[in-house]
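Working notes, beginning with the structure itself.
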Amino acid sequence: MSSTNTQIKLAARPTGMPGPECWKTEEAEIPSPGEGEVLLQILQISLDPAMRGWMNEARSYVPPVRINQVMRALTLSRVVQSNSSDLKEGDLVTGTQGVQQYAVAKPEDLTKIDANLAEPSRFLSVLGMTGMTAYFGLFDVGQPKPDDIVVVSGAAGAVGQIVGQLAKIHGCKTIGIAGGQEKCKFLTDEIGYDHAIDYKSQNVAKEIKRHAKKGLDVYFDNVGGEILEAALFNLNRGARIVICGAISQYNTTDVQGPRNYLSLLVNRARMEGMVVFDYADRFGMAVEKMAGWLKEGKLKSKEDIVKGEVTDFPDTFLKLFSGENQGKLILQIADL
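When the count follows my numbering, it moves up by one through the sequence shown with no breaks and lands on 324 for the last residue.
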């Protein structure tokens, strides 16, 4: 156990891509748990595109990270000291402990993981917020029917790979959009997408049209920008567009909205944003279902786990925006 707690704090709000000037590293004392609290050693840190939005001062679905505050992040941790009857030393939990080595928390703010369901890292991916985003975004907002055509952008990313598999389990035809032949091959050969479109070398609108001649029924958007426009050109009547994220727009000050939004009117389509926290009271149900599909081999989860130190966070975080990661990006800072 370290003698100090290394923390990564937000030093400045970014304009564009977050650079070194946005972060500062500080050494703090390891906190002591109070009555009813536990001390956690953070083992893995979830790296998610949403974190880029949390760095902005603009109004959002959660308050922004404050300047000089430990950067907010979802984490997998081990209880190393407990003053609570609800958790004991050695228990593994998930929570929002941020980019640091140690944290104190109350049991009610944590979720104890069941190692019998899956290996621990799965609780930051397919059985964590990533999986919950895919599940509720697709089924509650997208509302697919068997034989619907479901198109997913950012399909090789953490959420996108799960959405495609859930749609296949539901009996849909799936088309994934990703960057590069390697990722497209991953989508069709490993994840089970029916078709993959390489936005780097192919005309996305034309390729969607080729594979969905009558138009798409559900579009799950993780990217925004030109790819969202390409999808809007190819809507079936009554299509549902799920706005989950817009990673192509997070680091620009001139956000590109869809110029062809009137396609929604013509096709009687619906475009709706979703925030996973709105479904928290149903997470348990979804985790149980998805854990079952994992065990049955119907659902796969690919994690891109980078092993390093907490100080590797700034550089590892940038992999999300360069497209280097394949699957769920996780920074592991201690042995499980």
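Glycine included, each C-beta is placed from N, C-alpha and C at the ideal position.
Three-state secondary structure (DSSP) at E45?
-> Correct three-state label for E45: coil.
Going by beta carbon distance, what residues of the same chain come within less than 7 angstroms of V50, once the five residues before and after it are set aside?
-> W42
State buried or exposed for E297, treating a residue as buried only when at least 16 other CB atoms are found within 10 Å of its CB.
-> With fewer than 16 other Cβ atoms inside 10 Å of its own Cβ, E297 counts as exposed.
Leaving aside the five residues before and after G311 along the sequence, list all residues of the same chain whose C-beta is less than 7 angstroms from its C-beta, in chain order.
-> G167
Would the segment 161 to 175 and the segment 250 to 269 be scored as touching if the rule is three or more Cβ pairs under 8 angstroms?
-> no
Is the beta carbon of V67 sitting closer than 8 angstroms to the one on L28?
-> yes
Count the other C-beta atoms from every protein chain shown that fall within 10 angstroms of the C-beta of L250, then say buried if there are 16 or more, exposed otherwise.
-> exposed
Exposed or buried, what is K171 when buried is set at 16 or more other beta-carbons lying within 10 Å of its beta-carbon?
-> buried
Is F305 helix, strand or coil by DSSP?
-> helix
Could you check the C-alpha separation between I321 and G78 for me, to the nearest Å?
-> Near 17 angstroms, if we compare the C-alpha coordinates of G78 and I321.
Cα separation between N224 and E14?
-> C-alpha separation (whole angstroms): 53 angstroms.
Which of helix, strand or coil DSSP assigns to E25 | E25 falls in the coil class under three-state DSSP.
Quick check: the segment 138 to 158 against the segment 277 to 287, are there 3 or more CB pairs under 8 angstroms?
-> Contact between the segment 138 to 158 and the segment 277 to 287 is present, because at least three Cβ pairs lie under 8 angstroms.
Do you know offhand how far F301's Cα is from I(-4)'s?
-> Straight-line Cα distance between these residues: approximately 8 angstroms.
Cα-Cα separation between Q57 and D269, rounded to whole angstroms = 28 angstroms
Quick one: give me the first and last residue of the beta strand (DSSP E) that Y187 is part of.
-> Per DSSP, Y187 lies in no beta strand (DSSP E) and is assigned neither H nor E.
Cut-off 7 angstroms between Cβ atoms - residues of its own chain near M120, not counting five sequence neighbours on either side | V264, Y267, F271, A274
In its own chain, which residues sit with a C-beta less than 8 angstroms from the C-beta of A227, not counting the 5 before and 5 after it?
-> G203, L204, D205, V206, Y207, N255, A257, R258
Flag this pair as touching only if the segment 138 to 157 and the segment 114 to 130 have three or more C-beta atom pairs under 8 angstroms; answer yes or no.
-> yes
Can you tell me which of R60, Q244, P95 puts its alpha carbon nearest to the alpha carbon of S72?
-> P95
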